[in-house]
Amino acid sequence: MDYFYLLLCAVTLGLVENSRASVSEKLSEFGLIVPFSSDSRGRFVSHVLSSGSASSLPSARRRVARGAPATSSRFLFFNVTVFGMELHLRLRANSRLVAPEAFTEWQEDYQGKEKERIINDCLFTGDVSDMPEASVAISNCDGLAGLIRTDKGEFFIEPLQKGQQESEVQGRVHVVYPRSAVKRQNQKDLRNEVADFGIAELPNALDLVAQKLSESDRKRRHAKKDAYSIEVLLAVDDSVVRFHGKEHVQNYVLTLMNIVDEIYHDESLGTSINIVIVRMIMVGYRQSVSLIEKGNPSRSLEQVCRWANTQQRQDPNHTEHHDHAIFLSRQDFGPAGMQGYAPVTGMCHPLRSCTLNHEDGFSSAFVVAHETGHVLGMEHDGQGNRCGDETSMGSIMAPLVQAAFHRYHWSRCSKQELNRYLHSYDCLLDDPFEHKWPKLPELPGINYSMDEQCRFDFGVGYTMCTA
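Quick note on numbering: the sequence shown equals residues -21 to -1, 1 to 446 in mature numbering (1 follows the signal peptide of the UniProt record, and there is no 0).
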């Protein structure tokens, strides 16, 4: 037994060393840590981090799996060491990132489409104890992954190896690194990234605009005053699926979009904007290749926008009707280092409310936020406005999406430009969480007995209490 344990340790250390070498190629600075779940005071509870099959935020009626992360009220707690800083994370579920009826659709070449409901029980946002300016956007779908923003800088965390949930009880190695540590090719200045195709170039555009205008009668469902929701079609092309793996890609892109949502909730924006995924499409290989024209970002974006429009649900009240399409790809649609491409002020337009983004890790969340900012009407800081002084301090709309050593923020110009156009984007007034869902055709209990419902909720061996 001792020999087996030593052998297992040797194998594990070998995997860690191999992973460390791989990480060194991508990051200029990083640390390896073993985070743990804790209680509200930061005391150790367990090395188990992942949500697993049991919810990490159980209701009063649900039993918690042994070793699951500890909760207090509606919070989840983890302790993480980031370059010598002992951080106590306090997290709450981000229950508004994914719409209630959102599905992932796998569009395989020459095969029928597969659909599965998007599970949204492992995405969190929150803060850090005793650090008022800190914020966190993280997932525990497969270990801890996401963004930790402190007064010392911005850091990403992710497991050193994916798919190791079963071994967490012994402690699971994670890598933490500053946002500025990501090694990239020579990043291209994004001053030329803004698409300039006009309505006249797009067939049937007038008909589509008329259709969009006719939708202005649809009922507005405000969540609260001055709250806006961007209902997103998230398209993930085959190059991204292959890189991350079919079994991991959904958790990854949800974590990425959780970070984007957190960026849009930064107080510097001055407006409450929610990113809400209403549909996710994993695009097949042939379709992915046909949409992206290597080295031609303008043509690639135009084709992506046309394709996204063909995916639109014509009924504006359909739960999958989107306001904006975000397309993620690892294909080289532009010159080396180009990260994104987007039309300016295209939000709500049937053919211009879309972005093309190069996916290259969690730092791509800032690219997505930047490109969607263009669609909302924001210009580059220092180009067409007087906020060039903020680019070196980490502004989201800097011409070069860079990993600044300052905290990210929206510039005063971005805030002004958003306010200039926001009132005209009627599609953002809908609250996807207030749809009038159809009534169930049958009463609860007709298809599933009370005993069966007990088993669903608590597990095998549980039945309805008859005492």
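Just so you know, even glycine gets a beta-carbon here, dropped at the ideal spot from N, CA and C. Quick caveat: nothing in here was measured; it's all calculated off a predicted structure.
Let's test the definition: count the other Cβ atoms within 10 Å of the Cβ of residue i and tell me whether it reaches 16, buried, or not, exposed.
| i | result |
| --- | --- |
| S91 | Reading the sequence as shown, one finds Gly at residue 91 and not Ser. Result: exposed. |
| N73 | buried |
| K363 | It is Gly, not Lys, that sits at residue 363 in the sequence shown. G363 should be labelled exposed. |
| R365 | exposed |
| V148 | exposed |
| P111 | exposed |
| C444 | exposed |
| D130 | exposed |
| L11 | exposed |
| D217 | buried |
| D240 | buried |
| Y89 | exposed |
| E226 | exposed |
| S3 | exposed |
| M236 | buried |
| S7 | exposed |
| D409 | buried |
| S1 | exposed |
| N275 | exposed |
| Q293 | exposed |
| F134 | buried |
| S146 | exposed |
| R69 | buried |
| P314 | exposed |
| R258 | buried |
| R221 | exposed |
| D360 | buried |
| T442 | exposed |
| N336 | buried |
| I136 | buried |
| R399 | exposed |
Terminal residues of the continuous beta strand (DSSP E) containing residue i?
| i | result |
| --- | --- |
| D121 | That residue, D121, is in no beta strand (DSSP E); it is neither H nor E in DSSP. |
| E64 | The question names Glu, but residue 64 in the sequence shown is Met. Segment M64 to A72, the beta strand (DSSP E) holding M64. |
| L270 | Per DSSP, L270 belongs to no beta strand (DSSP E); it is in the alpha helix (DSSP H), Y264 to L270. |
| H153 | H153 to P157 |
| N58 | F54 to V61 |
| E93 | E93 to R96 |
| Q86 | V77 to Q86 |
| N137 | Per the sequence shown, the amino acid found at residue 137 is Glu instead of Asn. Here the beta strand (DSSP E) through E137 covers G132 to P138. |
| F23 | F23 to S25 |
| residue 447 | The chain is shown only over -21 to 446; residue 447 falls outside these bounds and no answer can be derived. |
| S17 | F15 to S17 |
| T104 | L102 to V107 |
| L6 | Premise fails: L6 is in no beta strand (DSSP E) and is neither H nor E. |
| L28 | Run containing L28: none; DSSP gives neither H nor E here. |
Using only CA atoms, which one of the options lies nearest to residue i?
| i | options | result |
| --- | --- | --- |
| C120 | D109, K141 and D130 | K141 |
| P329 | F62, V354 and G340 | V354 |
| E84 | K94, L76, R75 and V77 | K94 |
| R391 | A124, N336, I375 and E226 | I375 |
| G316 | N58, R163, F56 and L66 | R163 |
| E65 | F54, M443, D409 and F23 | F23 |
| Q154 | A113, L126, K131 and S146 | Looking at the sequence itself, residue 154 is Val, so the reference to Gln does not match. For V154, the nearest C-alpha among the options comes from L126. |
| V228 | Y207, I254 and L307 | L307 |
| R(-2) | G21, V152 and G132 | V152 |
| S247 | S393, G21, E358 and S269 | S393 |
| G356 | K5, V323, T234 and R20 | V323 |
| L28 | F9, K5 and V59 | V59 |
| T104 | G132, R75 and E145 | R75 |
| R269 | R258, W286, I260 and R158 | Before going on, a small fix: residue 269 reads as Ser here, not Arg. Considering only alpha carbons, the answer is W286. |
| A81 | I97, R71 and R69 | I97 |
| H223 | D245, A206, M372 and M261 | M261 |
| S118 | N99, L335 and F9 | N99 |
| V13 | W389, G63 and Q310 | G63 |
| E87 | D18, S267 and Y387 | S267 |
| S19 | T298, L139, D109 and I271 | D109 |
| E299 | F9, S16 and L213 | L213 |
Measure the beta-carbon distance from residue i to residue j and round it to whole angstroms, keeping in mind my assumption that it falls under 8 Å.
| i | j | result |
| --- | --- | --- |
| V219 | E413 | V219 to E413, Cβ: 32 Å. No contact. |
| H67 | V211 | Contact flag wrong, Cβ pair sits at about 32 Å. |
| L401 | T250 | 7 Å |
| A348 | I242 | 4 Å |
| Y320 | L280 | 5 Å |
| G122 | H26 | At roughly 11 Å, the Cβ-Cβ gap does not stay under 8 Å, so G122 and H26 are not in contact. |
| I256 | A78 | 7 Å |
| M326 | Y264 | No, M326 and Y264 are not in contact; Cβ-Cβ is about 30 Å, not under 8 Å. |
| A344 | I238 | 4 Å |
| F54 | R71 | 6 Å |
| R158 | S371 | Rounded, the Cβ-Cβ distance is 15 Å, inconsistent with contact. |
At which residues does the alpha helix (DSSP H) containing residue i begin and terminate?
| i | result |
| --- | --- |
| Y243 | Careful: Y243 lies outside any alpha helix (DSSP H) and carries neither H nor E. |
| D217 | D217 to H223 |
Mind pulling the alpha helix (DSSP H) runs of 4 or more residues that sit fully within the stretch 346 to 409? 391 to 400
Whole runs of the beta strand (DSSP E) within the stretch 269 to 330, excluding any shorter than 3 residues: 303 to 308 and 319 to 322
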